[in-house]
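Quick note: the sequence shown, position 142, residue 175 per our numbering, numbers continuous. Positions of the beta carbon are idealized from the N, C-alpha and C atoms, including for glycine.
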Amino acid sequence: MGRYENFKLIKNVKGSIIECGVYHGGGLMDWAKLSFNLEPYAMHRKVIGFDTFEGFPSISENDGSKYKNENLKEAGFATEYNVHNELIDVIQEYDNNRSLNQFNKIELIKGDATKTIPEYLRFNKHLVVALLFLDFDLYDQLK
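Structural data, given as structure tokens:
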């Protein structure tokens with residue numbers, strides 16, 4: 034099922050969209066654009082993305098795979114440029130071109146999700162999740 038179909042399922046559900054494993058930010062921006070286009074006045078719906086923006090922080094022995102994957106290593110999926118900074122610029126451009134832009138729509142949380150998610154929840158006890166999209170790829174982040 035694609036993002037559009039998933040979004041339609043939660044359109045009338047209160048809460049934020051959480052994406053774990055942002056990588057280059059295409060999915061994160063898809064969620065934000067779907068929200069903007071399908072519910073333009075949902076000012077309380079946030080799209081929150083968690084990622085190290087530096088590749089995998091570590092690999093566990095449980096991450097072994099029968100499929101050959103050259104990225105299954107520490108710093109796997111790291112990029113050659115600063116994706117985090119680029120996404121901040123993309124989000125700013127997105128905000129400049131949408132209505133109700135005085136309300137933040139997208140949040141980026143940088144760091145190892147095994148640490149940043151519990152910290153985020155500690156400071157955001159009010160968080161309600163309408164959709165959780167997990168794209169971590171690693172055992173320790175999924176357990």
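### Message
Please state the DSSP three-state secondary structure of residue 82.
### Response
Correct three-state label for residue 82: strand.
#### Entry: Distance between residue 159 and residue 129 (C-alpha atoms, nearest Å)
Straight-line spacing of the CA atoms in residue 129 and residue 159 works out to 27 Å.
### Task
With DSSP collapsed to three states, give me the class of residue 166.
If DSSP states are grouped into helix, strand and coil, residue 166 belongs with the strands.
### Message
Using the three-state DSSP reduction, which class does residue 52 fall into: helix, strand or coil?
### Response
Residue state, collapsed to three classes: strand.
### Query
DSSP on residue 42, reduced to helix/strand/coil?
Assignment of residue 42 by DSSP, reduced to helix, strand and coil, places it in the helix class.
### Query
What is the rounded straight-line gap between the Cα of residue 144 and the Cα of residue 138?
Going by C-alpha positions, residue 144 is about 20 Å away from residue 138.
### Query
Roughly how many angstroms lie between the CA atoms of residue 41 and residue 121, to the nearest whole one?
Residue 41 and residue 121: Cα-Cα distance of roughly 27 Å.
### Query
Of all the options 141, 39 and 161, which has the alpha carbon lying nearest to the alpha carbon of residue 57?
In this structure, 141 is the residue among 141, 39 and 161 with its C-alpha nearest to the C-alpha of residue 57.
### Task
Quick one: residues in its chain with C-beta nearer than 6 Å to the C-beta of residue 127, no 5 flanking neighbours on either side, listed in chain order?
No residues qualify anywhere along the chain.
### Task
Figure out for me which residue from 166, 146 and 65 has the closest Cα to the Cα of residue 124.
For the residues 166, 146 and 65, the minimum Cα distance to residue 124 belongs to 65.
### Proximity of residue 82 and residue 116 at Cβ, strictly below 8 Å
No, the pair does not count as a contact, with Cβ atoms beyond the cut-off.
### Task
Using only alpha-carbon positions, find the residue among 76, 51 and 44 that is nearest to residue 146.
When only C-alpha atoms are compared, the closest one is 51.
### Query
How far does the alpha helix (DSSP H) with residue 87 in it reach, from first residue to last?
Taken as a continuous stretch (DSSP letters only), residue 87 belongs to no alpha helix (DSSP H), as it is neither H nor E.
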